[in-house]
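What follows is a short report on a single structure.
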Amino acid sequence: MFEHSQQIPTASEYPTTWKRPPFIRSPWLRYGLYLLALCYLVIGFNTVEINWTRVSEGIPRGWIFVSGFLAPDFLSRGGDIWQGIKESLTMTLTSTIAGIALSIPIGVGAARNLAPMPIYLTCRSIIAITRSFQEIIIAILFVAMVGFGPLAGFLTLTLATIGFLAKLLAEDIEDIDESQTEAIRSTGASWLQLINYAVQPQVMPRLIGLSMYRLDINFRESAVIGIVGAGGIGATLNTAIDRYEFDSAAAILLIIIVIVLLSEYSSGYIRNRVQ
Amino acid sequence: MLHLQALTKQYATGDLALGGITLTIPAGQVVGLIGPSGAGKSTLIRCVNRLVEPSGGSIYLENIDLTRLSRSQLRQARRRMAMIFQEFALVERLTVMENVLSGQLGYVPFWRSLLRQFPAEAVGNAFATLDRVGLTDHIDKRADTLSGGQRQRVGIARALLQNPDLLLVDEPTASLDPKTSRQIMRLLTDVCAEQKLAAIINIHDVALARMFVQRIVGLRYGQVVFDGPPENLDAAALTMIYGAEDWTGTMQEADWGTEPYDQLDPMTQNRLVPA
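Protein chains in written order, with this note's numbering: chain A, 12 to 286; chain B, 6 to 280.
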């Protein structure tokens, strides 16, 4: 017993300070990078030109816009606004549903753990193509192809939904708990049964959440792509601003805000319920 | 009933998990497969139902060589070999009943499983099996609301719904407390005796294995180094399987553990050992 305790060093022989090892080991590299970042920041700030006279001239013009908001006019362009909102909501809902319907097979095909290599590569390419352009650029393309109006908007948003939903769904499928898949596979289940019993229950809450989220992104996007001619409330907003009718524009923006808030709250509620 | 002939498995990383295993398991025999971590226990049972593809050798279930089956033949063969998992591998968001009925997936067409319209006989069998494992009160609960012991009972019920001839059991008790472990092992060996099932049970707990199985196979570095009744598993044999260590504790616990329990199962209020 006594012998044993002699072998253990007393507390005073241990170091009493400890520091977390730094992320970048070499001090030269570490401080060099700090210095470089600092230089870049200083040079960057020096190149920014601020024209104070333009800022001061801009303030009153901005004020006209803001005062339009203080007195939004819902009525004088009421018919156009109502028409635009209806068009946008139709566009949003139809494109989201079409997008979800197309995303599910593409998403399943783009999941490495379920799809064979050729299908995986095809589906990943579809996703990459639909994701490579911003909505506005796709909208311009579709307006050129099918003409002005909500059809172009519907096509744009459907494509954008595929890029978003199929990618996130595929990644969610790749992250599922493999032991559950293994268990269903070991019962002798077919591929479709495997999807239905092992994959779907695991990804469904996230798929519903993402779909709700995409619904409200699509509504916001519908307002933006309207500006390039793809119909909906965006077109109405664009006309109002072009005619300097800031009071009508303000009314439109307020309606957009209210609809986005509503869909935000309802999608949050639904996402909580499906966990 | 199951015969492994010179079964080998080399992983893509070059690790030789199984180095030519030859093993015969007659119908209705319960075999405990023991060995240190990495000895190839898990690989062995996953090779049998080809969740892991063997690299060489043959596996005969009756007279079918499982290593030469096509996809659809493999699905048919898998129905006869039910698997039970360490982390239970239940589909968390499905109900207990859906999990149990998923054992029938290899027998029913896709539309029946999709609409949850299983044949009346299967549903009756599921209710009876749930009663046998003592889960009658939890049928419509989601699997993720159950305790560890209850989940493993669902896992056993799912396996039984496959009407198997052979159970492949991977560490059934590693996630359970000692008492629940014994209850689960007892349930497993009892149902094997009732339904005349053969079983390979991977298990770390040597004392538990000695208590419940008729035959013990010891693996080390992918080779069978022990094969015999539990009585023959002495300190020398354990050293051969696991390496040198003081084994007296393990041996004593086993002796103490063979005494029958005379108490009630807290869930089912059944006597744990039938009188």
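Using N, Cα and C, we set each Cβ at its ideal position, and we do this for glycine too.
So the candidates are the options; which of them puts its Cα closest to the Cα of residue i?
i               : options                           : result
G111 of chain B : A:S67, A:W202, A:S190 and A:E232  : A:W202
G95 of chain A  : A:V77, A:D258, A:A251 and A:G43   : A:A251
G288 of chain A : A:D91, A:E182 and A:I228          : Residue 288 of chain A lies beyond the stretch modelled for chain A, which goes from 12 to 286, so this question has no answer here.
V96 of chain B  : A:V285, A:P212, A:I238 and A:N249 : A:P212
R83 of chain B  : B:F132, B:Q91 and B:L165          : B:L165
Y74 of chain B  : B:N54, B:L38 and B:Q91            : For clarity, residue 74 of chain B is Leu in the given sequence; the question names Tyr instead. The option with the nearest alpha carbon to L74 of chain B is B:N54.
V77 of chain A  : A:A261, A:T28, A:R282 and A:G160  : A:A261
A177 of chain A : A:S190, A:I140 and A:E256         : A:I140
D170 of chain B : B:L12, B:T18 and B:A32            : B:A32
H168 of chain B : B:F132, B:Q200, B:R98 and B:Y247  : Rather than His, the amino acid found at residue 168 of chain B in this sequence is Asn. Checked all of B:F132, B:Q200, B:R98 and B:Y247; the closest Cα to N168 of chain B is B:Q200.
T198 of chain A : B:P41, B:R80, B:N130 and B:G37    : B:R80
D183 of chain A : A:A200, A:T167 and A:I219         : A:I219
W93 of chain A  : A:D258, A:P26, A:I266 and A:T21   : A:I266
G110 of chain A : A:A246, A:P38 and A:I228          : A:I228
I205 of chain B : B:C52, B:L71 and B:A125           : B:C52
T60 of chain B  : B:P114, B:T255 and B:G24          : According to the sequence shown, residue 60 of chain B is Ser rather than Thr. Among B:P114, B:T255 and B:G24, the Cα nearest to that of S60 of chain B is on B:G24.
Spell out the partners DSSP gives residue i in its beta bridges.
i               : result
F257 of chain A : Partner(s): none; F257 of chain A has no beta bridge.
G61 of chain B  : B:T13
T100 of chain B : B:R147
L120 of chain B : Answer is none; L120 of chain B lacks a bridge partner.
I267 of chain A : Answer by DSSP bridge pairing: none, since I267 of chain A is not bridged.
I69 of chain B  : B:L66
L5 of chain B   : Because chain B here runs from 6 to 280, residue 5 of chain B falls outside it and cannot be looked at.
Quick one, are the C-beta atoms of residue i and residue j less than 7 Å apart?
i               : j               : result
T194 of chain B : F231 of chain B : no
R215 of chain B : P183 of chain B : no
I138 of chain A : A121 of chain A : yes
R225 of chain A : T172 of chain A : yes
A194 of chain A : A94 of chain B  : yes
I30 of chain B  : A242 of chain B : no
E232 of chain A : E146 of chain A : yes
L9 of chain B   : I64 of chain B  : yes
G45 of chain B  : A22 of chain B  : yes
L213 of chain B : I50 of chain B  : no
L168 of chain A : I149 of chain A : no
I161 of chain B : V128 of chain B : no
Which word fits residue i, buried or exposed, when buried means at least 16 other C-beta atoms lie within 10 angstroms of its C-beta?
i               : result
F56 of chain A  : exposed
K30 of chain A  : exposed
Q109 of chain B : buried
D239 of chain B : exposed
M128 of chain A : exposed
R364 of chain A : Absent from the model: residue 364 of chain A. The displayed extent of chain A is 12 to 286, so no value can be given.
C197 of chain B : buried
M102 of chain A : buried
D20 of chain B  : exposed
F123 of chain B : buried
L120 of chain B : exposed
I281 of chain A : exposed
C134 of chain A : buried
F13 of chain A  : In this prediction, F13 of chain A scores a pLDDT of 49, lower than 50, which makes its location untrustworthy; the coordinate-derived value is nonetheless stated afterwards. Counting Cβ neighbours within 10 Å, F13 of chain A comes out exposed, since fewer than 16 surround it.
F153 of chain A : buried
M102 of chain B : buried
D253 of chain A : exposed
E176 of chain B : buried
T253 of chain B : exposed
T263 of chain B : With a pLDDT of only 42 at T263 of chain B, under 50, the local geometry of the prediction cannot be trusted, and no value is derived from it.
V210 of chain A : buried
T18 of chain B  : exposed
P279 of chain B : Since pLDDT at P279 of chain B reaches only 46, below the 50 mark, its modelled position is unreliable, and no value is offered.
Looking at the secondary structure, which residues open and close the beta strand (DSSP E) in which residue i lies?
i               : result
A203 of chain B : A203 to N207
G158 of chain A : Element bounds for G158 of chain A: n/a, residue is neither H nor E.
R220 of chain B : R220 to R225
A22 of chain B  : L21 to I30
A89 of chain B  : According to the sequence displayed, residue 89 of chain B carries Ile and not Ala. I89 of chain B -> beta strand (DSSP E) spans M86 to I89.
D175 of chain B : L171 to D175
Span of the alpha helix (DSSP H) holding residue i?
i               : result
F231 of chain B : Element bounds for F231 of chain B: not the alpha helix (DSSP H) but the beta strand (DSSP E), Q228 to G233.
V77 of chain A  : W63 to L81
G37 of chain B  : G37 of chain B -> not in any alpha helix (DSSP H); beta strand (DSSP E) instead, spanning V35 to I39.
R191 of chain B : P183 to Q200
W29 of chain A  : Element bounds for W29 of chain A: n/a, residue is neither H nor E.
E189 of chain A : E189 to R196
I137 of chain A : M128 to S143
W93 of chain A  : G89 to G120
F132 of chain B : A125 to R137
V53 of chain A  : P38 to T58
A240 of chain B : A240 to Y247
D142 of chain B : Neither: D142 of chain B is in no alpha helix (DSSP H) and is coded neither H nor E.
A164 of chain B : G153 to L165
Just the chain C side, please: which residues come within less than 9 Å of residue i by C-beta, in chain order?
i               : result
L171 of chain B : Among the protein chains of the structure shown, namely A and B, there is no chain C.
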